[in-house]
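So the structure is just underneath, and the comments pick up after that.
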Amino acid sequence: MTGLLMVVVLFLAVFAAAQIMRIYELSVKVRQEEEYVVTDKDNSNQGRLMLLFGIGLVVSFFWMVAAWDELALPKPASLHGVQIDQLWDISMGLIVVMFLIIQPILFWFSYKYRGNKANKATFYAHNDKLELIWTIVPAIALAVLIIYGLTTWSNTMNPSTDEEPMVVEVYAQQFKWTARYSGEDNTLGYANIRLIQGANTVGVDTNDANSGDDFVATEIHLPVGKPVLFKFRSQDVIHSAYMPHFRAQMNCVPGMETHFQFTPTLTTAEIRQDPEVIAKVERINAIRSAKGQELYEYDYILMCNKICGSAHYNMQMNIVVEAQADYDAWVKEQKTIAETL
Amino acid sequence: MASHDHANDHAHDHDHEHHVENFWTKYIFSQDHKMIGKQFLITGMFMGIVGVFMSMMFRLQLAWPDQKFAILETFLGKWAPEGQMDPNIYMALVTIHGTIMVFFVLTAGLSGTFSNLLIPLQIGARDMASGFLNMLSYWFFAASSVVMIVSLFVETGPASGGWTVYPPLSALPQAMPGSGTGMTLWLVSMTLFIAGSLLGSLNYIVTIINLRTKGMAMTRLPLTIWAFLVTAILGVLSFPVLLSAALLLMFDRLLGTSFYLSDIMVAGELLHNEGGSPVLYEHLFWFLGHPEVYIILLPALGITSEVIATNARKPIFGYRAMIGSILAIAFLSFIVWGHHMFITGMNPFLGSVFTFTTLLIAIPSAVKAFNYITTLWKGNLQLTPAMLFSIGLVSTFVAGGLTGIILGDSALDINVHDTYFVVAHFHIVMGLSAIFGMFAGVYHWFPKMYRRMMNKTLGYWHFWLTFISAYGVFFPMHFTGLAGLPRRYYSNAEFPIFDELQDINVIISMFALIGGIAQLIFIFNFFYSMWRGPKAPQNPWKSNTLEWTAPVEHMHGNWPGEIPSVHRWPYDYSKPGYDEDFVPQTTPLKDGEVGH
C-alpha cells in the first residue's frame, strides 16, 4: 500500500513540475522571446558564475592542500623511496603550476569574453608560431621528466648494492600473508603449492637442501640499513603486496615469481619519533578514543592492493624494522622448517 | 563524386517506395540512423541511471560504514541484511558501475548516439552505408544490456572482480561468489557488446570515407566527424583483442583450459591447471583497455570542438593541429597499454618503454587544451548549457590530464597504483570529461533529435550542480590516494592509519549524492522537452554545419531533393566580409574570398 502511495505521489510530483515548467515558459515568452534563447543577461550571469567558480576552484585547492596535506604518507622509510619522493615533488610542483595557470585562464576567458549582442568575435583561425610553441615547450618539459623518471625507475628496479640482499619470500593467499625467510644460507628452498600439506602451508620441498634453515613467520622483521629482496608468490588469485611507507609495491601472481628489492632506512622505533608521525598518531587516537576504540600505535604495514575476494579489505601484515641485534634476537626465536616439519 | 550522387539518388528513390511505416519499423526495428542514434541514447541513459545509482549506494557504505540504510535492503535484498551492505555486493557494485559507465554509457551511449545521429547529417549522406548493419549494431547492444542487467539478479550475484575482471579471481567460481553465473553472463554480455560495437564502427568508417557529399573534402569535415572516424578505427582495431581475451577466459571457466591459470590452490582445492599466465590476460585486456579510454574521450572532444566553436562564434583555433593531435593521440594510445601494468611483474625495461610512450601523449593533449582556450579568446561566448558543459570538459580534461603525468611515470606509479589517486585521475580525465561532452552533445543536438528545445534554466541548474559536485567528489580523492588508501576496499576500518580519512569520505559521498540527485533535473528536462518543449527553429544555434540545413521534421534520406553541396570548412564564424556572424558550409565562396 505504501509502495502504491509512493508511486502516486511521485507521479503527481512529476506532473506538478511539468505544469510549473509550462507556466514558467509561457511567462518568459510573454516578456521576451523563447525561453531557450540565450540573452545578454544570461551570458552575463553565467560568465560571472564561471569566474566565481574559477576563483572557488583555486581557493578550495589551496584550502584542501592546507587542510589535508598532513594526511599524506609520512616520509619514506627506504633508500629508493627518498628518490621517488623527490621525483614526485618535482612532477607535482610542475603540474600544480600548470593547473594554477591554465584553469584561471580558462575561467577568466569564459567571463571576459561572455557574449553580447553588440560585440562580434575576432576571426582568428590559426597561428603556426603559437602552436609550435605549445608543442615544443611541453615536449621539452616532458623530455626532462621522462629522463628523470626513467633514471629513478631504473635505480629502483635494478638497485646496485655491493651488499648481497637478504632474501625473504612473501606468500599471498585469500586473505592472509605469510613470510618465509631464507635462513642462514640466504637461499629459499624450492616450494610449490602442490606440496602444501598439513603444517606445510606454503608448500616447501623438505627434501631440498636449501629449505632446512628456512623459517615461516606471520610478521615481517627487517634489519635496518640492509637491502632485502622480496620474492612474491600467490596461492590462488592475484594479490598486490603494497608497502606504502617504503614506496614499494608488486603484484603476487599465481604461477610466477615476482620480486622487489629495497633497503629500509628507519627502524619502527625511529619513525615513531618522527614529529609528523607523532602528530598523525595523536589525531588518529583522538578519533579512536572518541569512539571508544583501542588506541593505535604506528607500524609499517603490508596490505593487499589488488582486489582478491570478500576480505580483500582486511588482508594485512605488520612489518617491523629494527636494529641488527634485535633482528638477530628475533631470528633466534623462530623455528626452522627442519625443526617444524 | 559522380558515383556518390548516384548512390544518393538511389537511396532517395528507395525512400519513396517505403513511405508508410508502422510502429515497429519506425520505433523498434528502425534502420534510420537518426532513430538508431536516439535508441542508443535512451538505452545509454537507462544504463547510466543504473550505474550512477550503484555508485551512490557504495558511497553510502564508504562514508557511513557503521550505519544501516533501509534503502540498501530495498534494492539489494539479501545482500544488505537490515540495511548493512555485504562486502561481496560492494565489490559487485563497483565492478558493474565501472563496466556500465565505461562500456554501456560512455562507449555505446556516447559514441553510438552521436556517431549515428551526426555522421550522415554532417557529411551530407542520406543514411549510413548499411542501415541494416546499423540496426543490428543497436540490437546487439540492446541484447548485451539486457544480459548485463539480468546478471544483477542471479543467485550468486553479478561479476565482482573489478571492471577489469582479472583472472584467476574472475575465472574461479570458488574464489568469490561473483565469479559464478554472474561472471559468465558478464562475458556473454561483453561478447554481444563487442559484436555490436564492431558492426557500428565499420559502418561509421565506410560511411565517412565513401558517402561525403560534393565538396566535403576530409579537410572540410567538422571535428566531430574526425573524432568519430578515429574512434571507430580505434574500436575496430582494439575491441577484437578484448573479444579474444573474453573468449579465452570463457574457455578457462567452462572448458577447463589453462590460458590464464597455473599452479592454483583455491578454497583448499588443488587445481590441475598449469602453464597459463594471468599476465597474458592483462596484456590482452589493456590492449583494448587503453585505446578504450580514447574511444570514450575522442567523441567528447569532437563534440566539444564543435560546441565551443559554434558558441564562441569563432573558428576552432588550429583546425589542422586539432586533427593532427587526434591522430597522434590515437596512434600513441596503441602503444601505451603497459602503463597499467608497471607492477604486475612485467620486465622493468618494458616499463621504461611504456613510460616513454605514455608521457608523449601529454604533448598532443596539451595542444588540444591550449587550442580550446585560444578559441575562447576574443570570442563572443554564447553561454548555453551545451557551452558550459564544454568549458567544463576543458577544465576536467586539464585537471585530470595533468595527474596522468604522475601516473604514467613508472617510478611514481609504484606507490599510488590502485589507490584513490588513480580513481581521482581517471574519473576526472575520462569519466567527467566524457560525460560532460555527452551532456553538451545532448543539449546542443536535442533540437535535431526531437525537433524541440530543451529548457535553458533547468540546463543551467543541471550544469552547476553537476560541475560543482563532480569536482567535490573527485578532487578530494587525490588526497586519500596520497594517504595510501587502496581502491576497492569495502571498509577502511581495519587499518587505523586510515581513520583520519573518514571526514573526506563523508564529504565525497555528500557531493556524490548531490551530483547523483541533480541528474534528475536533466532527466526531467529531457523527457519534458521531448513532449512539451518549444518547437525548434531550423538552426537554433546559428551553426555552420550541414545538419542544420536539413528540415526540422525528420525524414528518411535527411534532405528533400538534392543533398546540399559544400563549399567551405565548417568554422567560418564571424568571418570578416559577412554581415552575419556565421557562414554555413553550403555558402559558396565569394569572388576573391580565401578558404581556410
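Those protein sequences? They're chains A and B, same order as listed.
Numbering-wise (the numbering used here), the first sequence opens with residue 1 and increments by one.
Numbering-wise (the numbering used here), the second sequence opens with residue 1001 and increments by one.
No residue lacks a Cβ here, since even glycine has one placed at the ideal position from N, Cα and C.
So with CB distances below 8 Å, who are the chain A contacts of residue i?
i	result
B:E1494	Y313, N314, Q316
B:Q1382	V38, N43, G115
B:P1278	I238, V253, P254, G255
B:S1262	P254, G255, M256
B:D1499	I284, I287, R288, Y296
B:N1088	S310
By the 10 Å Cβ neighbour count, where 16 or more other Cβ atoms means buried, how is residue i classified, buried or exposed?
i	result
A:Y242	buried
B:A1002	Only weak support exists for where B:A1002 lies, its pLDDT of 39 falling under 50; the coordinates are left without a value.
B:H1016	Any reading at B:H1016 must be qualified, since the residue scores a pLDDT of 46, below 50, and its modelled position is unreliable; the value itself is stated next. Answer is exposed; the Cβ neighbour count stays below 16.
A:R233	buried
A:S91	buried
B:Y1027	exposed
A:F62	exposed
B:E1306	buried
B:H1006	Reliability of the predicted coordinates at B:H1006 is poor, the pLDDT of 44 falling under 50, and the value obtained from them is presented with this limitation in mind. B:H1006 is exposed by the Cβ-count criterion.
A:L5	exposed
B:G1561	exposed
A:E333	exposed
B:D1499	buried
B:M1218	exposed
B:I1303	buried
B:W1541	buried
A:Q273	exposed
B:K1575	buried
B:M1555	exposed
Output yes or no for whether 9 Å exceeds the beta carbon distance between residue i and residue j.
i	j	result
B:V1423	B:T1396	no
A:M256	B:G1345	yes
A:N210	A:L188	yes
A:E297	A:V321	no
B:G1044	B:T1095	no
B:T1231	B:G1124	no
A:I287	B:Q1502	yes
B:T1170	B:M1091	The sequence as given places Ser at residue 1170 of chain B; Thr does not occur at that position. Their beta carbons are not under 9 Å apart, which means B:S1170 does not touch B:M1091 by this criterion.
A:L87	A:G149	yes
A:P223	A:M303	no
B:G1196	B:S1144	yes
B:L1249	B:V1165	yes
B:T1375	B:I1308	yes
B:L1332	B:P1364	yes
A:A311	A:E70	no
Quick one: which chain A residues come within Cβ less than 7 Å of residue i?
i	result
B:Y1351	The sequence shown places Gly at residue 1351 of chain B, not Tyr. Result: W153.
How would you list, in chain order, the residues of chain A whose beta-carbon sits under 9 Å from the beta-carbon of residue i?
i	result
B:Y1138	Neighbours of B:Y1138 on chain A: none; closest Cβ ~28 Å, over 9 Å.
B:H1567	Chain A residues near B:H1567: none, gap ~17 Å exceeds 9 Å.
B:A1175	Q174, D236, V237, C308, G309
Going by DSSP, what residues sit across from residue i in a beta bridge?
i	result
A:Y171	A:T178, A:R233
A:M243	A:A248
B:F1582	B:Y1573
A:M303	A:Y242, A:Q316
B:G1182	B:P1158
B:T1419	B:P1486
A:A191	A:V204
A:A217	A:A179
Quick one: which chain B residues come within Cβ less than 7 Å of residue i?
i	result
A:A17	F1524
A:M6	The contacting residues do not exist; A:M6 stays about 11 Å from chain B at best.
A:W88	L1412
A:P244	N1415, G1484
A:S110	L1376, L1381, I1391
Identify the contact partners of residue i in chain B, using a Cβ-Cβ distance below 8 Å as the criterion.
i	result
A:E219	Those within 8 Å of A:E219 in chain B number zero; the least Cβ separation is about 16 Å.
A:A72	F1479, L1482, A1483
If the cut is a Cβ gap below 9 Å, which residues of chain B does residue i touch?
i	result
A:N200	Near A:N200 there are no residues of chain B at all, since even the closest Cβ is about 12 Å away, more than 9 Å.
A:S91	I1405, I1406, D1409, L1412
*Taking the runs of the alpha helix (DSSP H) that are 4 residues or longer, which of them lie wholly in the segment 1339-1382 of chain B?*
1348-1360, 1362-1376
*Where in the segment 1177-1250 of chain B do unbroken runs of the alpha helix (DSSP H), each at least 4 residues long, occur, reported from the N-terminal end onward?*
1181-1210
_Extract the residue ranges of the alpha helix (DSSP H) inside the segment 1046-1114 of chain B, only unbroken runs of 4 or more that lie entirely within it._
1070-1076, 1087-1099
*Just list the alpha helix (DSSP H) runs in the segment 1447-1533 of chain B, keeping only unbroken ones of 4 residues or longer that don't cross its boundaries, in chain order.*
1456-1482, 1502-1532
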